[in-house]
Amino acid sequence: MRLKPDFDLQLLWSDAVLRVKVEDSGTEREAFSGSGIPIRATDFQVKILEVWQGEEDRDTVTLSIRGGLDSGVTKPLENDELVLFLKIEAETGIYYLIDEEYSMFAVNPDGTMYAFADMDEFTAYDGMEADDFRAEIQSKLENAPELAEEVSGTLNPERRMYQEYVLGE
3 MRLKPDFDLQ LLWSDAVLRV KVEDSGTERE AFSGSGIPIR ATDFQVKILE VWQGEEDRDT
63 VTLSIRGGLD SGVTKPLEND ELVLFLKIEA ETGIYYLIDE EYSMFAVNPD GTMYAFADMD
123 EFTAYDGMEA DDFRAEIQSK LENAPELAEE VSGTLNPERR MYQEYVLGE
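Mind the numbering: the sequence shown is residues 3 to 171 in my numbering, read in order.
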């Protein structure tokens, strides 16, 4: 079962929210879903510019996105600057998007945000200064207990938004 994408849920589920710069054009690899089905994934090397949530001391990390380079799944371009909502795979240290394009925001050259998702609760941040977007995220994190209470009932493990191959369940 897939939930409707939700900005606040992504924030609560994120191991990290990172502002990054994409360092390469991506490399395809074979991966496996939690049920063992072979799938394609594309790995990108991203340089960490800022850590907005979580802890990360590496300068560069791997971002893995479901689908090959030509799969139609939204993927970044080399030199894109992004804000990403991420889960980390503990064994490999590879990061995965919580929910595909709903977990990616571009930082435009003028320093404003652009949502890859086309839903109002994501596009509401379009045109917002990156520093203001960060402040909005920090404010939500400071109110996380209240936020979690608002969305209670949707946080059980069987209804997670991010890809099953991330967890291997």
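All C-beta atoms, glycine included, are put in the ideal place defined by N, C-alpha and C.
Heavy atom of the ligand GDP within 7 Å of Tyr127 beta-carbon: Looking for the ligand GDP in the displayed structure turns up nothing, as the structure carries no ligands at all.
From Leu88, Ala137, Pro7, Ile67, residue whose alpha carbon lies closest to that of Ser35: Ile67
Where Leu157 falls, given that 16 or more other Cβ within 10 Å makes a residue buried: For Leu157, the predicted model reports a pLDDT of 47, less than 50, meaning its position is unreliable; a value from the coordinates is still stated below. Classification for Leu157: exposed.
Per-residue DSSP class, three states only, for Thr76: In the three-state DSSP reduction, Thr76 falls in the coil class, being neither helix nor strand.
Collapsed DSSP secondary structure at Asp226 in the structure displayed: Residue 226 falls outside the range modelled here, since the chain spans only 3 to 171, and no answer is possible.
Expected contact under 8 Å - CB spacing of Val24 and Asn81 to nearest Å: 6 Å
Extent of the continuous beta strand (DSSP E) to which Leu86 belongs: Counting along the chain, Leu86 sits inside the beta strand (DSSP E) bounded by residues 83-91.
Validate contact between the region 92-99 and the region 133-141 using beta carbons, cut 8 Å, 3 pairs: no
Per-residue DSSP class, three states only, for Ser66: DSSP places Ser66 in strand when its eight states are reduced to three.
Host alpha helix (DSSP H) of Thr125 (start-end): 122-125
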